Amino acid sequence: MEGGSGSLYEVDDTAASLAGDPSTVATVPRGLVRKVKNKSGQEEDKVVLRLRACISCRLIMSEQQFYDEGCPNCGFLQMDGDRHRVWDCTTVNFAGFVAVMKPMSSWVARHNKLTEVVPGCYAVSVVGELPESVKDDVHRASHYAD
């Protein structure tokens, strides 16, 4: 963002280098940095994430990331560019947080059934289910793809 209202909180690619594969870039939640006044009246930076988890695959990203990019695991949900679809297909009600860097070789990924996903941060559990209208859209799309 510009104009002093906030800036994008960037995270470096340390996660990819820690994974041992520089070509693997994990999906990392990003947020905004806002200026707020503390109790003594001094301005300080505060990171605002507004995290949401995909109901289908449990990937955790910010609401804005889902809006901008959609879910990299669930392209069939067609969230990118549709704020209402993002709200329908993601939830703020999730528990736990697992960082998965190498899904195919991680025992944590196998235990959480996350072996076929992109590297990133995942919820251990989510509360909610996809609305019937979204399920119908997915069913129709898969029917016409055959």
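Going by this note's numbering, 205 is the number at position 130 of the sequence shown; the sequence numbering is gapless.
Ideal Cβ placement from N, Cα and C applies to all residues, glycine included.
Keep in mind that this is a model prediction, so the values were computed, not measured.
Please report how far the alpha carbon of residue i lies from the alpha carbon of residue j, in whole angstroms.
i      : j      : result
PRO147 : ARG185 : 19 Å
LEU205 : GLU119 : 39 Å
VAL199 : LYS114 : 35 Å
PRO97  : ALA170 : Below a pLDDT of 50, predicted positions are generally treated as unreliable, and PRO97, at 46, falls in that range; the measurement from the model is reported next regardless. So the two alpha carbons sit approximately 30 Å from each other.
GLY156 : GLY106 : 18 Å
GLN117 : ARG109 : 13 Å
CYS132 : ASP163 : 14 Å
GLY150 : ARG127 : 16 Å
MET134 : ARG215 : As written in the sequence, residue 134 is Leu, which differs from the Met given in the question. In a straight line, the C-alpha of LEU134 is about 24 Å away from that of ARG215.
VAL201 : ASN168 : 6 Å
LEU124 : ARG160 : 19 Å
GLN139 : SER208 : 22 Å
MET179 : GLU144 : 24 Å
VAL213 : LYS112 : 46 Å
VAL183 : THR102 : 17 Å
Could you tell me how far apart the beta carbons of residue i and residue j are, in whole angstroms, since I believe they sit closer than 8 Å?
i      : j      : result
MET154 : PRO104 : That pair is no contact at about 15 Å.
THR166 : GLY203 : 4 Å
TYR142 : VAL173 : That pair is no contact at about 23 Å.
According to DSSP, is residue i part of a helix, a strand, or is it coil?
i      : result
ARG185 : helix
SER131 : coil
LEU152 : helix
VAL202 : coil
SER180 : coil
PRO97  : Its pLDDT being 46, under 50, PRO97 is placed unreliably in this model, and the value from its coordinates should be taken loosely. PRO97: coil per DSSP, three-state reduction.
GLU77  : Its pLDDT being 36, under 50, GLU77 is placed unreliably in this model, and the coordinates cannot settle the point.
With DSSP as the reference, please indicate the residues paired to residue i in a beta bridge.
i      : result
GLU118 : LYS112
GLY195 : THR102, VAL175
VAL123 : LEU107
ALA170 : SER200
SER208 : Beta-bridge pairing links SER208 to no other residue.
THR165 : CYS129
SER217 : For SER217, which the question treats as bridged, DSSP gives no partner whatsoever.
What residue range does the alpha helix (DSSP H) around residue i cover?
i      : result
CYS146 : Run containing CYS146: none; DSSP gives neither H nor E here.
ASP157 : Counting along the chain, ASP157 falls outside any alpha helix (DSSP H), and DSSP gives it neither H nor E.
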